[in-house]
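Student: Numbering-wise (my numbering), the sequence shown opens with residue 10 and increments by one.
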Amino acid sequence: LLPCGGLPLSCGIFTPLFTFGAVVGRLYGEVLRVLVYTGVSPAAYAVVGAACFASAATHTLSHMLPVMLSVLVAYSIGGMSSPSIYDVFAKMAGLNFVCADISASPVLAHKMAHEVMRPIPITLSLHSTYADAVAVLQV
């Protein structure tokens, strides 16, 4: 940040602020995820870190509200208009069961896990062949 702010040239100060803030926020999120809780989203901490560094450097709170509001609006629009990128990747990989829409099948919504699972899971050993693995996946 110092080289960007100390140069007698017209240069951007917000890009390094956002970048450094995002790095620190992401690092904090990763540490928090490992040490405390596995459900933490480090990417969310990166966004918050970027906004925090911009607010700290400019001594204003005016950056926090637009960042948080834009994240909420983008999340809402994305949720209404298209599936999650993770759902798209799962479908491309042939993992359609992961993306099952419970509202499309109300019967499944009330099923218990023990009602739909196999009593004896299919397993592979260290000595299983590729053909064994393919056979298991086709079941």
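Cβ coordinates follow ideal geometry from the N, Cα and C atoms, glycine included. Remember, it's a predicted structure, so these values are computed and weren't measured experimentally.
If you compare alpha carbons, which of Lys120, Leu78, Val145 is closest to proline 130?
Tutor: Along the sequence shown, read from residue 1 onward, the residue named residue 130 stands at position 121. Answer by Cα proximity: Val145.
Student: If you draw a straight line from the C-alpha of alanine 142 to the C-alpha of serine 134, how long is it?
Tutor: Numbered from its first residue, the sequence shown carries residue 142 at position 133. Numbered from its first residue, the sequence shown carries residue 134 at position 125. The alpha-carbon atoms of alanine 142 and serine 134 are separated by roughly 10 Å.
Student: So the alpha helix (DSSP H) alanine 55 belongs to, where does it begin and stop?
Tutor: Position 46 of the sequence shown, counted from the start, is the residue given in the question as residue 55. Taken as a continuous stretch (DSSP letters only), the alpha helix (DSSP H) holding alanine 55 covers 51-67.
Student: Quick check: the Cα distance between serine 93 and glycine 87, rounded to an integer number of angstroms?
Tutor: Against the sequence shown, residue 93 aligns to sequence position 84. Against the sequence shown, residue 87 aligns to sequence position 78. So the two alpha carbons sit approximately 8 Å from each other.
Student: Can you tell me which of the three DSSP states alanine 102 falls into?
Tutor: Your numbering for residue 102 matches position 93 in the sequence shown. Three-state result, alanine 102: coil.
Student: Which of helix, strand or coil does DSSP assign to leucine 44?
Tutor: Residue 44 sits at position 35 when you count from the first residue of the sequence shown. Looking at leucine 44 - three-state DSSP - the assignment turns out to be helix.
Student: If we ignore side chains and look at the alpha-carbon of each, how far apart do phenylalanine 27 and alanine 59 end up?
Tutor: Translated into the one-based positions of the sequence shown, residue 27 becomes position 18. Translated into the one-based positions of the sequence shown, residue 59 becomes position 50. Using only the alpha carbons, I get a separation of about 4 Å.
Student: Which residue marks the beginning of the alpha helix (DSSP H) containing histidine 123, and which one marks its end?
Tutor: For the purposes of this step, residue 123 is taken as the residue at position 114 of the sequence shown. Looking at the DSSP string, the run of the alpha helix (DSSP H) that includes histidine 123 is 122-125.
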